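Notes to accompany the following structure.
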Amino acid sequence: MTAQELAVNGGPKTVKSHRPFQIYRLRRGLTRSIDLLHMLPLTARGITSIQDGSGIVGRFEQGMCQLTGCNHALAMNSGTASLHSAMVALGVGPGTEVIVPAYTWHASATPIVQCGATPVFCDIEAETLTACPDDIEAKINERTRAVCVVHIWGNPARLDRIREICDRRGVALIEDCSHAHGGQYQGRGIGAWGEVGCFSLQGSKVVEGGEAGVATTDDPELFDRMCLLGQNVLVWRGQRANTFPDFGDISLGVKYRPHPAAMYLAKTSLGRLADRNLRAARAWKWIKEELADTPSIRPIAELPAAKRGGYYAFAMEYRGEAMGGPDTETFVSAVEAEGSPLQLDQFRGRLLHQTMFFSEFDRRTIGGGCYDPTRPYEEQLSKDTKLPVSEDLIDRLVKLPLYLYAVPEDYVRSCARAIAKVAAGLVPSGARVPEKARPDTAGLEAHG
Ligand SMILES: Cc1ncc(COP(=O)(O)O)c(C=O)c1O
Numbered sequence: 086m087t088a089q090e091l092a093v094n095g096g097p098k099t100v101k102s103h104r105p106f107q108i109y110r111l112r113r114g115l116t117r118s119i120d121l122l123h124m125l126p127l128t129a130r131g132i133t134s135i136q137d138g139s140g141i142v143g144r145f146e147q148g149m150c151q152l153t154g155c156n157h158a159l160a161m162n163s164g165t166a167s168l169h170s171a172m173v174a175l176g177v178g179p180g181t182e183v184i185v186p187a188y189t190w191h192a193s194a195t196p197i198v199q200c201g202a203t204p205v206f207c208d209i210e211a212e213t214l215t216a217c218p219d220d221i222e223a224k225i226n227e228r229t230r231a232v233c234v235v236h237i238w239g240n241p242a243r244l245d246r247i248r249e250i251c252d253r254r255g256v257a258l259i260e261d262c263s264h265a266h267g268g269q270y271q272g273r274g275i276g277a278w279g280e281v282g283c284f285s286l287q288g289s290k291v292v293e294g295g296e297a298g299v300a301t302t303d304d305p306e307l308f309d310r311m312c313l314l315g316q317n318v319l320v321w322r323g324q325r326a327n328t329f330p331d332f333g334d335i336s337l338g339v340k341y342r343p344h345p346a347a348m349y350l351a352k353t354s355l356g357r358l359a360d361r362n363l364r365a366a367r368a369w370k371w372i373k374e375e376l377a378d379t380p381s382i383r384p385i386a387e388l389p390a391a392k393r394g395g396y397y398a399f400a401m402e403y404r405g406e407a408m409g410g411p412d413t414e415t416f417v418s419a420v421e422a423e424g425s426p427l428q429l430d431q432f433r434g435r436l437l438h439q440t441m442f443f444s445e446f447d448r449r450t451i452g453g454g455c456y457d458p459t460r461p462y463e464e465q466l467s468k469d470t471k472l473p474v475s476e477d478l479i480d481r482l483v484k485l486p487l488y489l490y491a492v493p494e495d496y497v498r499s500c501a502r503a504i505a506k507v508a509a510g511l512v513p514s515g516a517r518v519p520e521k522a523r524p525d526t527a528g529l530e531a532h533g
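Each residue of the sequence shown is one higher than the last, beginning at 86 in the numbering used here.
Below is the structure:
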């Protein structure tokens, strides 16, 4: 392969047609419209709100209990709401800290400041892109109330070690499972390892209700405490452990109850999860097969004990620049020219500890108690935080989108072949994989 044969230089495109994607979009639109029709019998009876967790809300929650193995699930109107509810229930507030990776969507961390606590950002493991247990352990102190891990791109974090650390140090574990529906670790459901598992069901997720979320837990008192965030009928009826029998219909000033339409969408979507995860696993296998002889691309592996779920995206590390190839942007543009939907990492330039919001912004200037009045404000900002692995990796991370799970094998393989073609054209062959870009993958699933 020479650089001249690349589409970016006028050569033939590897991915010839976008029809599979267009057909996928059309089919998805139709399926979801039909799913929504299930709500008609409810609206025909004049019911557009479910306040007591009955009907479709309860049925969806039961489905989540089955999926995760947890005793309780509480549906809400967003994944962010489920994280906020978990933190409130666990006593996160002024004087406390929560440890969370900086390599994640901001909603893993913003509920911490909303509780008036301090986020402490931890590094990730290069192998899996999930929270590094050693860094978590190093950052636990007497203020730490919880650790929030994120199973990013559907890849489960190293849960056995992290659970052990949390138990030994007496801190709670929250799992942000927003990308990882149906994932497992050591055969146990993602969302059942933490005191609370939090799932986004927003429209781009593999289980989706448009805008919705759900929290799972085995602890009936935590469940009741989460009900305080606007699930007022559930609080009133002293759901399960009767934790708040005297509250009447009062709950806190945010209302996280879900819309029934979102629950109908989420329930039908949950019914398709097993099939979607199987198909995504197959697509991931095809992608890795096509890239097996491309040393400048490292598909992000899962731990031996982990079974990926959700597959929010197919993430990879591009290592070609250190091998004499172009930078990541140039590489991705050349792959795009081949017709393949390779993208730069979504969190590029947005590692949370480096964002203006977490590193500089004076949250004391806004209402809502989004800072900790019990300690100096400077200590609550992340501007001095250094996360060597996240900072080193971020500009090399790329991903193929989730929809590849739903399109034909030829198309998926051609999208991956485009990456291999560009690497062969632009990265000098025979170059060694640089030491820095070669994490210790011993014990991980083999590349390819
Ligand atoms: C890792 C992660 N956590 C939390 C959320 C928040 O979910 P929601 O948008 O449903 O509030 C998202 C949403 O994309 C996410 O990606």
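Ideal Cβ positions, reconstructed from N, Cα and C, are used throughout, including at glycine. Everything numeric in this text was worked out from a predicted model, so none of it was measured.
Residue i CB to nearest heavy atom of ligand 1 below 6 Å
i	result
residue 177	no
residue 430	no
residue 183	no
residue 287	yes
residue 235	yes
residue 475	no
residue 163	yes
residue 238	no
residue 195	no
residue 190	yes
residue 315	no
residue 298	yes
residue 137	no
residue 170	no
residue 263	yes
Beta-carbon proximity list for residue i, same chain, < 6 Å, skipping 5 on both sides
i	result
residue 349	123, 124, 141
residue 92	98, 422, 423
residue 425	100, 500, 503
residue 355	148, 292
residue 145	160, 348, 351, 352
residue 411	511
residue 488	109
residue 318	136, 137
residue 235	186, 189, 193, 261
Burial state of residue i (16 or more Cβ within 10 Å)
i	result
residue 340	exposed
residue 209	buried
residue 241	buried
residue 463	exposed
residue 223	exposed
residue 383	buried
residue 449	exposed
residue 536	As displayed, the chain neither begins before 86 nor continues past 533, which places residue 536 out of reach and without an answer.
residue 266	buried
residue 363	exposed
residue 294	buried
residue 157	buried
residue 103	exposed
residue 94	exposed
residue 427	buried
residue 345	buried
residue 401	buried
residue 333	exposed
residue 139	exposed
residue 330	exposed
residue 471	exposed
residue 107	exposed
residue 237	buried
Chain-order list of residues whose beta-carbon lies under 7 Å from that of residue i (same chain, five-residue window excluded)
i	result
residue 167	161, 283, 284, 298, 299, 300
residue 326	Residue placement at residue 326 cannot be trusted, given a pLDDT of 49 that sits under 50; what the coordinates show is reported in the next sentence. These residues qualify, in order along the chain: 305, 306, 309.
residue 250	218, 221, 222
residue 483	401, 403, 413, 417, 427, 428, 429, 430
residue 181	202, 228, 230
Chain B contact for residue i (CB, 7 Å cutoff)
i	result
residue 199	The chain inventory of the structure shown lacks chain B, comprising one protein chain alone.
### Query
Unbroken alpha helix (DSSP H) runs of length 4 or more, entirely within the stretch 155-239: which are they?
164-174, 195-199, 218-224
### Runs of alpha helix (DSSP H) lying entirely within the stretch 413-466, each at least 4 residues, in chain order
413-422, 441-444
### Length-filtered (3 minimum) beta strand (DSSP E) runs lying within the stretch 242-277
Runs of beta strand (DSSP E) with 3 or more residues, each lying fully within the stretch 242-277, are found at 257-261, listed in chain order.
### Query
Is the stretch 123-138 in contact with the stretch 263-277, if contact means three or more CB pairs nearer than 8 Å?
No: the two stretches stay apart, fewer than three of their Cβ pairs being nearer than 8 Å.
### Query
Does the pairing of the stretch 304-316 with the stretch 285-293 give three or more beta-carbon distances under 8 Å?
No, they do not touch.
#### Entry: Stretch-stretch touch, CB-based, cutoff 8 Å, three pairs: the stretch 187-207 with the stretch 390-406
no
### Task
Please go through the stretch 356-407 and give each complete beta strand (DSSP E) segment of 3 or more residues, from N-terminal end onward.
382-384, 398-403
### the stretch 443-460 touching the stretch 358-376, judged by at least three CB pairs closer than 8 Å
The stretch 443-460, when compared against the stretch 358-376, does not touch it at the 8 Å Cβ threshold.
### Task
Check whether the stretch 240-258 touches the stretch 199-207, counting contact only when three or more Cβ pairs, one atom from each stretch, lie closer than 8 Å.
Touching, no.
### Query
At what residue ranges does the stretch 466-496 contain a whole run of the alpha helix (DSSP H), taking only runs of 4 or more?
Taking only runs of at least 4 residues, the alpha helix (DSSP H) segments lying wholly in the stretch 466-496 are 473-478.
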